[in-house]
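In what follows, a structure is listed as structure tokens, so that the remarks can point back to it.
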Amino acid sequence: MDPSAHASNPGRPSRVARWIVLGNLLVAAVLVLATLINLHGSREEELDRVRETADNLAKGLSIELAAEIRLVDNALTTISSRYAAEAGDAAGHEQTLLQSMREQNQLLPFAGAMRAAGADGRVTIGLAPAEQVFSIADRDYFQRARQGHATVISEPIFSRPLQDWCIIVARPLRTDAGEFRGIVYVVLASAHFHQLFARLSLGEHGAIALRDDSMRLVARYASSEPRSTQGLGGVDVSAEMRRYLVASPDHGSYIITAPIDGVERMTAYRRVPGYPLTVLTGLSTRTYLARWREDEHRQWFFTGSVILLVVSGFAYVLLQHRRLFRTNLYATRIAHEQALVLDNDLIGMIRVRERKVVWANRAIHRILGHAIVGQSTRAIYPDEASFEMVGRLGYEALARDGRFRTQVKMRRKDGSDIWVDLSGAALGDSESIWMVLDIDQLKNSEERARYMALHDPLTGLANRRLFEELLRHGLALARRQKDGLGVCYMDLDGFKPINDTHGHDAGDEVLREIGERLKHELRSNDSVSRLGGDEFAWLLSGVHAEADAVAALERCLQQIQKPIALGAGVTVNVNASIGLVLSWDHQRSADELLAEADETMYRAKRTGRGHVEVSIASGP
1 MDPSAHASNP GRPSRVARWI VLGNLLVAAV LVLATLINLH GSREEELDRV RETADNLAKG
61 LSIELAAEIR LVDNALTTIS SRYAAEAGDA AGHEQTLLQS MREQNQLLPF AGAMRAAGAD
121 GRVTIGLAPA EQVFSIADRD YFQRARQGHA TVISEPIFSR PLQDWCIIVA RPLRTDAGEF
181 RGIVYVVLAS AHFHQLFARL SLGEHGAIAL RDDSMRLVAR YASSEPRSTQ GLGGVDVSAE
241 MRRYLVASPD HGSYIITAPI DGVERMTAYR RVPGYPLTVL TGLSTRTYLA RWREDEHRQW
301 FFTGSVILLV VSGFAYVLLQ HRRLFRTNLY ATRIAHEQAL VLDNDLIGMI RVRERKVVWA
361 NRAIHRILGH AIVGQSTRAI YPDEASFEMV GRLGYEALAR DGRFRTQVKM RRKDGSDIWV
421 DLSGAALGDS ESIWMVLDID QLKNSEERAR YMALHDPLTG LANRRLFEEL LRHGLALARR
481 QKDGLGVCYM DLDGFKPIND THGHDAGDEV LREIGERLKH ELRSNDSVSR LGGDEFAWLL
541 SGVHAEADAV AALERCLQQI QKPIALGAGV TVNVNASIGL VLSWDHQRSA DELLAEADET
601 MYRAKRTGRG HVEVSIASGP
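Here full-length UniProt numbering is used: the first residue of the sequence shown is 1, the next is one more, and so on.
What follows is the structure in structure tokens.
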């Protein structure tokens with residue numbers, strides 16, 4: 001090339017300049033592609049975490065709702081069974097019905113109302129004093145109950161007496177000969193489900209809905225509009241949502257913009273086990289992806305900055321101006337930006353050589369509360385097992401794949417433990433770099449949700465669902481070990497007058513005190529639960545003789561009979577009737593044992609109350 005020609009055309013790129021242009025375009029394309037891939041991967045990880053959280057909420061709620069409806073179903077079944085067993089005339093049937101409804105209604109504090117209608121559909125029993133007799137003969141659930149023998153659940157309807165949307169759980173009343181005499185039913189108001197949903201932490205713009213099989217809206221709670229009743233009874237759902245439910249009717253998840261309020265949510269749904277209802281929990285992507293969007297902005301800013309620096313470097317080379325100064329400036333900016341990325345306040349990073357910390361960023365100090373440089377990594381784990389687990393599995397994965405990721409607890413400076421998402425990458429044979437992300441709040445929320453789903457919120461005892469699981473496990477263990485087992489069902493005597501005289505707060509205090517006394521009195525290998533209302537159940541393991549089991553229950557009965565102080569000098573007394581079923585050959589199922597214990601408890605009430613009635617479980 002002629003130098004004079006080059007000098008006379010300073011704007012014409014040389015061959016080297018053209019290669020530099022191509023190289024810089026390639027670098028920019030690689031950076032953009034790498035950013036897109038990284039952002040896509042991190043977004044999918046965030047969505048997986050949101051999906052898991054929403055599904056856990058939906059699963060816990062579906063189990064809790066199934067337990068409530070099952071409690072209603074059991075109450076209605078008891079009423080209809082006693083009605084059918086009545087051998088007297090119409091007056092006797094009605095008296096049996098009234099007595100059974102009063103007893104069972106006490107077990108359903110969440111029910112809006114319990115009523116009964118005659119064969120003509122006229123509701124005459126269970127009305128409030130101000131309510132007038134009305135007819136439900138034209139209701140679909142009445143017709144379905146007339147034609148069948150099982151419990152039916154209605155579509156969402158608007159209750160004029162309650163002035164609220166609700167669903168009806170109904171069961172037919174028939175004589176022993178099968179003659180239809182009417183129905184008994186329980187009203188479950190939308191407001192009850194709304195209160196149940198409102199207990200949960202959904203984040204900003206989160207929502208929970210309960211729909212029937214036709215997708216009619218039974219109840220809905222949205223954290224952004226907690227008092228809204230918009231859409232109740234309607235079928236305002238998208239075609240995309242219907243496709244998901246058709247493909248997987250029992251459970252699933254999807255992202256969709258809700259037609260009711262226009263909010264995009266990650267929605268998980270679970271069918272209520274055994275009933276024509278579906279729970280849908282939606283977590284707003286605007287809320288749960290906020291951190292990812294911030295990270296997206298930072299990464300695009302970083303990528304744009306790097307591309308800009310590359311272009312600036314090309315311009316510098318092309319113009320051949322202040323080469324040394326611009327090269328140094330470029331290197332300084334890159335080093336500074338890398339330092340900013342590494343020494344951030346969000347994601348902790350440590351560099352480890354032979355399991356000793358040689359470098360840590362500021363975020364580690366914030367997460368763990370102290371400087372750990374120079375220390376063994378054993379100092380950041382709460383126990384030897386966690387330290388050994390990461391050492392065994394983590395470093396094997398680093399040697400094999402170059403990467404490792406897990407969730408583990410770490411120990412803060414103040415001695416408290418914190419859940420972290422730990423991921424590592426190998427830097428060489430003896431060095432590695434680890435990223436530490438604080439997920440303690442999310443893990444604790446999951447543990448609280450699991451605890452709430454299995455325990456009674458008032459007494460802290462196991463609820464019906466957990467007790468049934470413990471009973472099944474205990475029965476299986478007793479069969480293997482050929483040991484005896486006892487199932488107890490207890491109902492408090494004299495509890496309702498305390499509620500009526502001193503109020504429900506006093507009643508709650510009595511239930512809490514009874515729960516504490518039972519926990520302290522029973523053996524460590526026994527289990528006690530509150531099934532609902534003032535009913536409790538126990539599982540006695542390792543029973544060798546009837547006398548031992550009865551003696552243990554009588555000690556519990558003595559503790560229950562002791563006065564209970566309510567404050568301000570007020571004390572109350574309650575008694576209890578206990579039904580005990582002892583199983584030696586274990587041919588009965590867990591449900592059959594619990595049902596027989598319930599019946600034995602009622603026998604104790606009929607024979608004088610305040611004592612233990614014993615029944616021996618025989619074969620099927």
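Backbone N, C-alpha and C fix where the C-beta goes; we use that ideal spot for every residue, glycine too. As the structure is a prediction and not an experimental result, all values here were calculated from the model.
Aspartate 261 versus Ala239, Gln230 and Arg243, residue with shortest Cα-Cα distance: To locate residue 261, count along the sequence shown from 1; it is residue 261. Answer by Cα proximity: Gln230.
N-terminal and C-terminal residue of the alpha helix (DSSP H) that asparagine 444 is part of: Residue mapping note: residue 444 aligns to position 444 of the sequence shown, counting from 1. It spans 440 to 454 - the alpha helix (DSSP H) in which asparagine 444 sits, taken as one unbroken run.
By alpha-carbon positions, which one of Asn24, Arg15, Glu613 and Ala75 ends up nearest to valine 311? As a first step, residue 311 must be located in the sequence shown, where it is residue number 311. The shortest C-alpha separation from valine 311 is found at Asn24.
Straight-line gap, serine 615 to histidine 455 (C-alpha atoms, nearest Å): Within the sequence shown, the letter at position 615 stands for residue 615. Within the sequence shown, the letter at position 455 stands for residue 455. So the two alpha carbons sit approximately 28 Å from each other.
Within the segment 146 to 233, ranges of the alpha helix (DSSP H) (whole runs, at least 4 residues): Fully contained in the segment 146 to 233 are the following alpha helix (DSSP H) runs of length 4 or more, in chain order: 190 to 198.
Which of helix, strand or coil DSSP assigns to leucine 485: On the sequence shown, position 485 is the one that residue 485 refers to. In this structure, leucine 485 counts as strand in the three-state DSSP scheme.
If you reduce the DSSP assignment to three classes, tell me which class valine 612 lands in. As a working note, residue 612 is residue 612 in the sequence shown. Reduced to three states, the DSSP call for valine 612 is strand.
If you check the beta carbons only, do isoleucine 498 and valine 572 fall under 8 Å apart? Reading the sequence shown from its first residue, position 498 is the one you call residue 498. Reading the sequence shown from its first residue, position 572 is the one you call residue 572. Yes, the pair counts as a contact, with Cβ atoms nearer than the cut-off.
Is it true that the CB of leucine 47 sits closer than 8 Å to the CB of leucine 108? Taking the first residue of the sequence shown as position 1, residue 108 is located at position 108. Taking the first residue of the sequence shown as position 1, residue 47 is located at position 47. Their beta carbons are not under 8 Å apart, which means leucine 108 does not touch leucine 47 by this criterion.
In angstroms, rounded to a whole number, what distance separates the CA positions of glutamate 254 and leucine 539? Within the sequence shown, numbered from 1, the residue matching residue 254 stands at position 254. Within the sequence shown, numbered from 1, the residue matching residue 539 stands at position 539. Per the sequence presented here, residue 254 reads as tyrosine, with glutamate not at that position. In a straight line, the C-alpha of tyrosine 254 is about 41 Å away from that of leucine 539.
Distance between glutamine 561 and aspartate 138 (C-alpha atoms, nearest Å): For the purposes of this step, residue 138 is identified with residue 138 of the sequence shown, where counting begins at 1. For the purposes of this step, residue 561 is identified with residue 561 of the sequence shown, where counting begins at 1. Answer to the nearest angstrom: the Cα atoms are 50 Å apart.
By the 10 Å Cβ neighbour count, where 16 or more other Cβ atoms means buried, how is asparagine 361 classified, buried or exposed? The residue labelled residue 361 in the question sits at position 361 within the sequence shown. So asparagine 361 counts as buried.
Distance between threonine 78 and alanine 128 (C-alpha atoms, nearest Å): Within the sequence shown, the letter at position 128 stands for residue 128. Within the sequence shown, the letter at position 78 stands for residue 78. Cα to Cα, alanine 128 sits roughly 23 Å from threonine 78.
In whole angstroms, what is the alpha-carbon distance linking histidine 586 and valine 246? As a working note, residue 586 is residue 586 in the sequence shown. As a working note, residue 246 is residue 246 in the sequence shown. Roughly 42 Å between the two C-alpha positions.
According to DSSP, is threonine 607 helix, strand or coil? Here residue 607 corresponds to residue number 607 of the sequence shown, with the count starting at 1. In the structure shown, threonine 607 adopts coil according to DSSP, grouped into three states.
Taking all protein chains shown into account, do 16 or more other C-beta atoms lie within 10 angstroms of the C-beta of alanine 189, making it buried, or fewer, making it exposed? Residue mapping note: residue 189 aligns to position 189 of the sequence shown, counting from 1. Alanine 189 should be labelled buried.
Cβ of isoleucine 364 within 8 Å of Cβ of aspartate 438? Taking the sequence shown and counting its residues from 1, one reaches residue 364 at position 364. Taking the sequence shown and counting its residues from 1, one reaches residue 438 at position 438. Cβ atoms of isoleucine 364 and aspartate 438: not closer than 8 Å.
Span separating the alpha-carbon of valine 21 from that of serine 228: Your numbering for residue 21 matches position 21 in the sequence shown. Your numbering for residue 228 matches position 228 in the sequence shown. C-alpha separation (whole angstroms): 59 Å.
Expressed to the nearest angstrom, what Euclidean distance is found between the alpha-carbon atoms of alanine 54 and glycine 252? The residue given as residue 54 occupies position 54 in the sequence shown. The residue given as residue 252 occupies position 252 in the sequence shown. The alpha-carbon atoms of alanine 54 and glycine 252 are separated by roughly 10 Å.
Where the beta strand (DSSP E) containing tyrosine 269 begins and where it ends: As a working mapping, residue 269 is identified with position 269 in the sequence shown. Note, tyrosine 269: beta strand (DSSP E), 264 to 271.
Here's the rule: buried if 16 or more other CB atoms are within 10 angstroms of the residue's CB, otherwise exposed. What is glycine 234? The residue labelled residue 234 in the question sits at position 234 within the sequence shown. So glycine 234 ends up on the exposed side.
On the three-pair Cβ rule with 8 Å, is the segment 543 to 550 touching the segment 462 to 473? Short answer: they don't touch.
Could you please give me the residues that DSSP links to arginine 530 through a beta bridge? For this step, residue 530 is matched to residue 530 along the sequence shown. Beta-bridge pairing links arginine 530 to Phe536.
Do you know whose CA, among Asp213, Glu554 and Glu509, lies nearest residue 624's CA? Nothing can be reported for residue 624: it is not among the residues displayed for the chain, which extend from 1 to 620.
Residue interval of the alpha helix (DSSP H) (run including residue 629): Nothing about residue 629 can be reported from this structure: the residues present for the chain run from 1 to 620 only.
Would you kindly check if the distance between the Cβ of alanine 85 and the Cβ of aspartate 176 is under 8 Å? Here residue 176 corresponds to residue number 176 of the sequence shown, with the count starting at 1. Here residue 85 corresponds to residue number 85 of the sequence shown, with the count starting at 1. It is a contact, given that the beta carbons lie within the stated cut-off.
Are there any heavy atoms of the ligand GDP lying less than 7 Å away from the beta-carbon of leucine 580, as far as the coordinates show? This structure lacks the ligand GDP; in fact it carries no ligand of any kind.
N- and C-terminal bounds of the beta strand (DSSP E) containing isoleucine 364: Position 364 of the sequence shown, counted from the first residue, corresponds to residue 364. Not the beta strand (DSSP E): isoleucine 364 falls in the alpha helix (DSSP H), residues 362 to 368.
Is it true that the segment 397 to 413 meets the segment 368 to 384, where meeting means three or more beta-carbon pairs spaced less than 8 Å apart? yes
I'd like to know whether the C-beta of arginine 403 is nearer than 8 Å to at least one C-beta of chain D. Reference to chain D is not applicable here, since this structure consists of a single protein chain.
If you follow the beta strand (DSSP E) that aspartate 417 is in, where does it begin and where does it stop? Position 417 of the sequence shown, counted from the first residue, corresponds to residue 417. Per DSSP, aspartate 417 belongs to the beta strand (DSSP E) from 417 to 426.
Report all residues from its chain with a CB closer than 7 Å to the CB of tryptophan 300; omit the five preceding and five following residues, and keep chain order. In the sequence shown, the residue the question calls residue 300 occupies position 300. Thr35, listed in sequence order.
Rounded to the nearest angstrom, how far is the Cβ of valine 272 from that of valine 263, given a contact under 8 Å? The residue you call residue 272 lines up with position 272 of the sequence shown. The residue you call residue 263 lines up with position 263 of the sequence shown. Rounded, the Cβ-Cβ distance is 24 Å, inconsistent with contact.
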